[in-house]
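Encoded as structure tokens, the structure appears first; notes follow it.
Number of protein chains: 2
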Amino acid sequence: MDFSSKLLEQAVDEMSQLPGIGKRTALRLVLHLLKQPESQTEQLAAALKKLRSDIKLCRNCFNISDTELCEICANPNRMSEIVCVVEDIRDVMAIENTGQYRGQYHVLGGKISPMDGIGPSQLSIKPLIEKVKAGKVEEIIFALSSTLEGDTTNFYIFRQLEVTPIKTSTIARGISVGDELEYADEVTLGRSITNRVPFESSMKS
Amino acid sequence: MDFSSKLLEQAVDEMSQLPGIGKRTALRLVLHLLKQPESQTEQLAAALKKLRSDIKLCRNCFNISDTELCEICANPNRMSEIVCVVEDIRDVMAIENTGQYRGQYHVLGGKISPMDGIGPSQLSIKPLIEKVKAGKVEEIIFALSSTLEGDTTNFYIFRQLEVTPIKTSTIARGISVGDELEYADEVTLGRSITNRVPFESSMKS
Chain A
1 MDFSSKLLEQ
11 AVDEMSQLPG
21 IGKRTALRLV
31 LHLLKQPESQ
41 TEQLAAALKK
51 LRSDIKLCRN
61 CFNISDTELC
71 EICANPNRMS
81 EIVCVVEDIR
91 DVMAIENTGQ
101 YRGQYHVLGG
111 KISPMDGIGP
121 SQLSIKPLIE
131 KVKAGKVEEI
141 IFALSSTLEG
151 DTTNFYIFRQ
161 LEVTPIKTST
171 IARGISVGDE
181 LEYADEVTLG
191 RSITNRVPFE
201 SSMKS
Chain B
1 MDFSSKLLEQ
11 AVDEMSQLPG
21 IGKRTALRLV
31 LHLLKQPESQ
41 TEQLAAALKK
51 LRSDIKLCRN
61 CFNISDTELC
71 EICANPNRMS
81 EIVCVVEDIR
91 DVMAIENTGQ
101 YRGQYHVLGG
111 KISPMDGIGP
121 SQLSIKPLIE
131 KVKAGKVEEI
141 IFALSSTLEG
151 DTTNFYIFRQ
161 LEVTPIKTST
171 IARGISVGDE
181 LEYADEVTLG
191 RSITNRVPFE
201 SSMKS
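Written as structure tokens, this is what we have:
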């Protein structure tokens, strides 16, 4: 694209570095900002800068937090002996929204993905192992997405924990509530049959 | 959405003010920035702020420009007696990309739209009328989108110019090159028949 302004070009270039934002969308967003009061752009810029420089990770679960210990870890009513392993804060938010989980989390910050150059050392796996070895945890629930990378990560952690007597589980895979069987993929349907649950317990939630 | 961090919430709130960016997408973008080096966020913030504070409009055509007079208006090879009226810089870029136009532009900065509270006074219509009345322009080409707002704006300018002897035209509407007739809407197809062109001239481009 050929811009008449270097300033505009720079702003569009930076904006289009964001995932899923192409040059055209970036231009639309930037032109929108130009039509708004200057304060809006300043607030956006300030919020992004402040977030990036001041953000903290909870020292226990590595979730994004404004405090040393996040709200969930600091809550004495949450069971610290159950730890749900997730990829990032979005998964924490999704599980919290269900209102069904009263344990703690451990946020890995990603999945093992050699293709993207992400190895175990770039994720917060070591602190998780240490937490388990310190004897504070009774059950680990793996809640990573069931992709190649997710399964690899699950398995890597599982192997590291083999010597430690601890209960490990993964979240159930199956047909979504409300979905019709005929449209489900075979793998999911197969798993939901293999891992069928007693009828009485399915009535609870 | 319930965030564990006020900083994160603020950044997501600001980001989701952009058009077409919901809370979920905003969160994805912000989390992406958190994974990148801090310099990327700083460059984005700086580029946006600098654009918003330093941006100029060309004093002749009102296009976005880093200089007093934009490159097109400053170019002595462009015919200043032909002026193409467009909505914003994206239209200028689109027409420039065709390489078919050697005149100048006049960027209105929007369309008359009472629904959005945009009247003629908020657009750069007055300078256009003055430019025409000063006798510098021979032909005006209307290239606004053919919506209710676009047609209203065209007509408003046309009425203002009625007393001045000047040629006015609009860009041709018709079937896109490569499109099949059966899928075209009737209005477009009808216009392309009414405004048919001599066969020889259609061979040129």
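Protein chains in written order, with UniProt numbering: chain A, 1 to 205; chain B, 1 to 205.
Virtual Cβ for every residue (Gly too), placed ideally from N, Cα, C.
Neighbour flag for D54 of chain B against chain A, beta carbons, 9 angstroms: Interface residue, yes.
Determine which residues of the segment 28 to 41 of chain B have a Cβ less than 9 angstroms from any Cβ of chain A, and write them out in chain order. Taking 9 angstroms as the Cβ-Cβ cut-off against chain A, the residues of the segment 28 to 41 of chain B that qualify are R28, L29, V30, L31, H32, L33, L34, K35, Q36, E38, Q40 and T41.
Assigned exposure category for I141 of chain B - 16 Cβ within 10 Å defines buried: I141 of chain B comes out buried.
Taking contact to mean at least 3 C-beta pairs separated by less than 8 angstroms, is the segment 60 to 79 of chain A in contact with the segment 111 to 121 of chain A? Judged by Cβ distances under 8 angstroms, the segment 60 to 79 of chain A makes no contact with the segment 111 to 121 of chain A, as fewer than three pairs qualify.
Are L161 of chain B and I129 of chain B touching if we call contact CB-CB under 9 angstroms? Cβ atoms of L161 of chain B and I129 of chain B: closer than 9 angstroms.
Against R90 of chain A, what residues of chain B qualify as contacts under a CB-to-CB distance less than 9 angstroms, listed in chain order? Identification of chain B residues near R90 of chain A by a Cβ-Cβ cut-off of 9 angstroms yields R24, L27, R28 and L31, ordered along the chain.
Within chain A, partners of E71 of chain B - CB distance below 7 angstroms: Neighbours of E71 of chain B on chain A, chain order: S4.
What first and last residue would you give for the beta strand (DSSP E) that runs through M115 of chain A? Unbroken run through M115 of chain A: none, as it is neither H nor E.
Give the interface partners of Q17 of chain A over in chain B, defined as CB-CB distance under 7 angstroms, in chain order. Residues of chain B passing the Cβ test: Q40.
Check the Cβ-Cβ distances between M115 of chain B and every residue of chain A, and say whether any is below 9 angstroms. Output row for M115 of chain B: interface = no.
Taking E186 of chain A as part of the beta strand (DSSP E), name the residues at either end of that continuous run. Annotation: E186 of chain A is outside any beta strand (DSSP E); the continuous alpha helix (DSSP H) that includes it extends over E186 to T194.
Just checking: is the beta-carbon of K50 of chain A within a distance shorter than 9 angstroms of some beta-carbon in chain B? K50 of chain A counts as touching chain B.
Identify which residue in A:M15, A:V30, A:Q43 and A:V92 has its Cα closest to the Cα of S5 of chain B. Ranked by how close their Cα comes to the Cα of S5 of chain B, the residues A:M15, A:V30, A:Q43 and A:V92 have A:V92 in first place.
Nearest to K136 of chain A (by Cα), restricted to the options A:D88, A:P165, A:D151 and A:E149: Taking only the C-alpha atoms, the option nearest K136 of chain A is A:P165.
What's the gap between the Cα of V83 of chain B and the Cα of E180 of chain A? Whole-angstrom Cα-Cα distance: 60 angstroms.
Pick out whichever of A:R28, A:I55, A:S169 and A:I89 has its Cα sitting closest to the Cα of C61 of chain A. The closest CA to that of C61 of chain A, considering only A:R28, A:I55, A:S169 and A:I89, is found on A:I89.
For R59 of chain B, the nearest candidate out of B:K50, B:C70, B:K49 and B:L51 (CA to CA): Residue B:C70 is the option with its Cα nearest to R59 of chain B.
Span of the alpha helix (DSSP H) around K6 of chain A: Note, K6 of chain A: alpha helix (DSSP H), K6 to M15.
Does Q40 of chain B come out as helix, strand or coil in the three-state DSSP assignment? Three-state result, Q40 of chain B: helix.
Can you tell me which residues form a DSSP beta bridge with G103 of chain B? In DSSP, G103 of chain B forms a bridge with B:M79.
Against chain B, does S65 of chain A count as a neighbour if the rule is that its beta carbon must be under 9 angstroms from one of theirs? Yes, S65 of chain A counts as interfacial toward chain B.
Tell me the rounded alpha-carbon separation between K50 of chain B and L7 of chain A. Between K50 of chain B and L7 of chain A, the C-alpha separation is close to 7 angstroms.
Can you tell which of A:L189, A:G117, A:A26 and A:A45 has its C-alpha closest to the C-alpha of E149 of chain A? Taking only the C-alpha atoms, the option nearest E149 of chain A is A:G117.
Let me confirm a value: S176 of chain B is counted as buried when at least 16 other C-beta atoms fall within 10 Å, else exposed. Which label applies? Answer is exposed; the Cβ neighbour count stays below 16.
Which whole-angstrom value describes the C-beta separation of E139 of chain A and S169 of chain A, a residue pair presumed to lie in contact below a C-beta threshold of 8 angstroms? Confirmed, about 7 angstroms.
Just checking: is the beta-carbon of Q100 of chain A within a distance shorter than 9 angstroms of some beta-carbon in chain B? Not one chain B Cβ lies under 9 angstroms of Q100 of chain A.
Using a Cβ-Cβ distance cut-off of 9 angstroms, determine whether G103 of chain B contacts chain A. No, G103 of chain B lies away from the interface with chain A (no Cβ there is under 9 angstroms from its Cβ).
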